[in-house]
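Enquirer: Under my numbering, the residues of the sequence shown are numbered 2 to 100, in order.
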Amino acid sequence: GLNYRRKGLKALLGRVLSRDVSEIVVAHKDRMARFGFELIEWICEQNGCRIVVLDQSNLSPEREMVEDILAIVHVFSCRLYGLRKYKSVIKEDPSLPGN
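1. How big is the Cα-Cα spacing for P95 and S89?
2. Here's the rule I'm using: 16 or more other beta-carbon atoms within 10 Å means buried, otherwise exposed. How should I70 be labelled?
3. Who are R51's beta bridge partners in DSSP?
4. Any idea what DSSP makes of L71, helix, strand or coil?
5. From L60 to R80, what does the alpha carbon distance come to, in whole angstroms?
6. Inspect the beta-carbon positions of C45 and V17 and report whether they are closer than 8 Å.
7. Let's see if you can read the secondary structure: which residues bound the alpha helix (DSSP H) around G15?
8. Quick check on L84: does DSSP put it in helix, strand or coil?
9. The alpha helix (DSSP H) that contains D31, what's its start and end?
10. Under a Cβ-count criterion, where at least 16 other Cβ atoms within 10 Å of its own Cβ denotes burial, should A12 be classed as buried or exposed?
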């Protein structure tokens, strides 16, 4: 998704920047990062590492755009759901002012 605060991704990129890794193998391109894969790939290349994607199925530009839009909608719907849950927790907390 849009979250780059993933511990595993950060650790992997740290190892790439340290030149500890020469090759990364992923099943699908979007398993590493839905957005920004090309930037991550460039960073890897600049540090002597290549990314091997096992699933090389090519999507049409339209299909790729539809999948990207669905991923964005999913991320924001999850955030909205999280905010609703957080709002109800605040209302139910007797230790907070106004409750």
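Yeah, the Cβ is synthetic: ideal placement off N, Cα and C, and Gly gets one too.
Just so we're clear, the structure is a prediction, and the values are computed from it rather than from any experiment.
Expert: So, to answer that:
1. Between P95 and S89, the alpha-carbon positions lie close to 12 Å from each other.
2. Of the residues assessed, I70 falls on the exposed side of the cut-off, its CB having fewer than 16 other CB atoms within 10 angstroms.
3. Looking at the DSSP assignment, R51 forms a beta bridge with E24.
4. In the three-state reduction of the DSSP assignment, L71 falls in the helix class, which pools H, G and I.
5. In this structure, the CA atom of L60 is about 28 Å from the CA atom of R80.
6. Yes, they are a contact pair.
7. For G15, the enclosing alpha helix (DSSP H) stretches over residues 8 to 18.
8. Helix.
9. Where D31 is concerned, the enclosing alpha helix (DSSP H) starts and stops at 30 to 33.
10. Residue environment analysis places A12 among the exposed positions, since fewer than 16 neighbouring C-beta atoms fall within 10 angstroms of its C-beta.
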